[in-house]
Amino acid sequence: MDAEAKKTVLRMIPYGIYVLTADDGKGAMGAATVNWVTQSAFNPPLVVVGVKADSGAYAAVKSASSFTLNMLGKDHKGLAFAFFKPAKIENGQLSGQGFTRGSNNAPILDGALGAVECKVTAIIEQGDHHIVVGEVTEAHLHHAPAGRPDAAILEMKDLGDTVFYGG
283 MDAEAKKTVL RMIPYGIYVL TADDGKGAMG AATVNWVTQS AFNPPLVVVG
333 VKADSGAYAA VKSASSFTLN MLGKDHKGLA FAFFKPAKIE NGQLSGQGFT
383 RGSNNAPILD GALGAVECKV TAIIEQGDHH IVVGEVTEAH LHHAPAGRPD
433 AAILEMKDLG DTVFYGG
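Next up, the structure:
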């Protein structure tokens, strides 16, 4: 296989940018910027997320059996970059961001456009990112987007010409 062709072609897949959070209440808390996200069913509403297998966010999701997916808007580049590294709680903030706790105990970022709380229904452990399937149990809309909701989401291409994922 031509490695450069593979990388270029796989980078043609558009990626939204989100922050996944989880807290099992027993010391496993994590948050990470994620971009392998899609809705996979309407009834029940299911989302699928790829989470780096060796990350604190994955450990927290697996232990908690729940997570929250925070939706980032076009002006949330700072939020995306804040969670590119391991998260930490300091001075009542998560990686410098205000939050409240959802009914599943996971942080809901105050600055996000909205969020969905999910209970884990399946995990597929293959590759360097594991696939987490979550049933949406609660939805929060902090800031209604103007126009199409899918046009409001921060995308990988919005982070600059040198930021890529995939391939």
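Counting in the numbering used here, the sequence shown runs from 283 upward without gaps. Just so it is clear, CB atoms sit at the ideal spot from N, CA and C, and this is done for glycine as well.
Check                                                                                                                                                                 : Outcome
Can you tell me which of Lys367, Val319, Val331 puts its alpha carbon nearest to the alpha carbon of Gly338?                                                          : Lys367
Please report the distance separating the alpha-carbon of Gly416 from that of Gly396.                                                                                 : 17 Å
By how many angstroms is the C-alpha of His424 removed from the C-alpha of Lys344?                                                                                    : 27 Å
With a threshold of 8 Å on Cβ separation, who are the neighbours of Ala341 within its own chain once the five nearest residues in sequence on each side are excluded? : Ala310, Gly312
Near Ser347, what residues of its chain come up, given a Cβ to Cβ distance below 6 Å and the 5 sequence neighbours on each side ignored?                              : Val402
Determine the closest residue to Ile390 out of Gly298, Met294, Ala287, Leu302, with distance taken between C-alpha atoms.                                             : Leu302
What residues in its chain sit with their C-beta under 7 Å from that of Asn352, if we drop five residues either side in the sequence?                                 : Tyr300, Val301, Thr303, Ile390, Leu391, Ala394, Ala397
Would you mind sorting Asn325 into buried or exposed? The rule is 16 or more other CB atoms within 10 Å of its CB.                                                    : exposed
Which residues in the same chain as Thr382 place their Cβ atom closer than 8 Å to its Cβ, once the five residues preceding and following it in sequence are excluded? : Pro389, Ile390, Asp392
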